[in-house]
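Numbering (my numbering), first residue to last: 18 to 409. We put the CB at the ideal spot given by N, CA and C, even for glycine. Nothing here was measured: the structure is a model prediction, and the numbers come from that model.
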Ligand code: PMP
């Protein structure tokens, strides 16, 4: 545990909160929280469950109604042929990812993932004493992993390859052809488990759709584990429900870990998650259109700034511009040497909170999460534009 670090994203959010409490006008582009609620049917289901809550322990794997609602949800995404025995639940995708790592990795085993990566991946590996194989994916390759890179990595036989699509922090989404090409590589390397952390799967723009390795190559089902969650899709991050669909042996391992650690998801959470997954899907559908428009505004603004390189993401609610053109310059006499300086000076001078790219392993960039209240988005972007114009 001596190696464990608190989340770098939370550190920025805390600093922004402190400045706000001191009366500063802060626009937060930092933490990746949805700005919407799941809809009245979810609260109605939760209230109903409360009214008749048995208060007893529940199933370690997850209630049958929840597993069935999840199966219905993933069938709509394009997964077919899965049963309850392929599924398990956890306290959000974060807990699921930790449990998967605990189940699949022994100390000293290697986990491979593309960089930039969601910060928690490194934290989980560190806590468990696993080795990390980083696969660098710079902005010049749109932050995406290439088949050749994956081939070389899997040739070293890592125990686990952890894949994230749509991606946090870059917002990038792999097309059907790109997923097919990576699936071909995975098929060549049978010694590696593949985890696909795809919790932003409903937030995909430009009609490119969500694709998974197992949809294109069903024979990979015996070692690909799909991870999902209600947090981002339905605006329910604090409810804490996450899922897998994968090989029966892995779902069983997670069920055993649940029996050791948590016993079961709370009954009220279960009822709310069932309502979200199996009920009307107008919230995620509406959000997809809204976020696509926001993405367009952020990317256009960032690319209009001389020197900034901002690849256009197709999903999630993040944009990840390369702002390294600012390094070595000063803002009103304050020197900016790197991404951390950039974010600190931007926050102090303009009241805009972003997360430094180094938190995700890419120190040339920063992450903009664009789920703030609608009216704040143009305000924050204008302040960033001004900030760049004032650099000398
Ligand atoms: N994976 C990714 C890529 C994420 O961005 C997040 C949340 N920020 C999670 C997993 C964890 O989600 P949950 O709230 O379901 O634990």
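Leaving aside the five residues that flank residue 233 on each side, the residues in its chain whose CB is nearer than 8 Å to its CB run, in chain order, 193, 196, 197 and 200. For residue 105, the enclosing beta strand (DSSP E) begins and ends at 104–107. 218 is the residue among 218, 112, 184 and 158 whose C-alpha sits nearest the C-alpha of residue 302. Residue burial annotation: residue 207 is exposed, with fewer than 16 other C-beta atoms found within 10 angstroms of its C-beta. As DSSP reads the structure, residue 251 sits in no beta bridge. For residue 384, the enclosing beta strand (DSSP E) starts and ends at 383–386. Take the alpha-carbon of residue 312 and the one of residue 72: they are about 44 Å apart. A contact is defined here as three or more CB-CB pairs under 8 Å, and the stretch 45–56 meets this definition with respect to the stretch 252–265.
Straight across, the Cα-Cα distance linking residue 344 with residue 381 is about 9 Å. The nearest non-hydrogen atom of the ligand PMP is less than 8 Å from the C-beta of residue 111. If only complete runs of 3 or more residues are kept, the stretch 242–302 shows the beta strand (DSSP E) at 259–262, in order along the chain. Just so you know, the alpha carbons of residue 239 and residue 40 end up roughly 54 Å apart. Around the CB of residue 351, fewer than 16 other CB atoms lie within 10 Å, so the residue is classed as exposed. Assignment of alpha helix (DSSP H) within the stretch 73–139, counting only whole runs of 4 or more residues, yields 81–94 and 109–121 in chain order. With at least 16 other beta carbons inside 10 angstroms of its own, residue 257 counts as buried. Beta-bridge annotation (DSSP): residue 31 is not paired with any residue. With a contact defined as Cβ atoms closer than 8 Å, residue 47 and residue 33 qualify at about 6 Å. In the DSSP secondary-structure assignment, residue 365 is not bridged to any residue. A distance of 9 Å or more separates the beta carbons of residue 271 and residue 392. Cβ neighbours of residue 398 within its own chain (closer than 6 Å, five residues either side excluded): 318. With contacts defined by Cβ atoms closer than 9 Å, residue 336 and residue 188 form a contacting pair. Between the stretch 111–130 and the stretch 285–302, the count of C-beta pairs closer than 8 Å stays below three; the two stretches do not touch. Note: residue 347 is bridge-paired with 352 in the DSSP secondary-structure output. Cα atoms of residue 275 and residue 77: separation of roughly 6 Å, rounded to the nearest angstrom.
Here residue 213 is bridged, per DSSP, to 180 and 243. The ligand PMP has a heavy atom closer than 8 Å to the beta-carbon of residue 249. The beta carbon of residue 332 is closer than 7 Å to those of 183, 188, 190, 217, 220, 221 and 222 in its chain, skipping five residues each way along the sequence. Within the same chain, 82, 83 and 86 come within 6 Å of residue 291 by CB-CB distance, once the 5 residues on both sides are set aside. Judged by pairs of C-beta atoms under 8 Å, the stretch 316–330 does not touch the stretch 171–181, as fewer than three such pairs exist.
Between the ligand PMP and residue 185, a heavy atom-to-CB distance of less than 8 Å is present. One Cα belongs to residue 268, the other to residue 203, and the distance between them is close to 21 Å. In this structure, the C-beta of residue 216 approaches the ligand PMP to less than 8 Å from one of its heavy atoms.
Residue range 193–205 is occupied by the alpha helix (DSSP H) that includes residue 203. In the three-state reduction of the DSSP assignment, residue 397 falls in the helix class. Out of 211, 306 and 295, the CA that lies nearest to the CA of residue 264 is found in 211. Scanning its chain for C-beta atoms nearer than 6 Å, with the 5 sequence neighbours on each side dropped, one finds no residue around residue 93.
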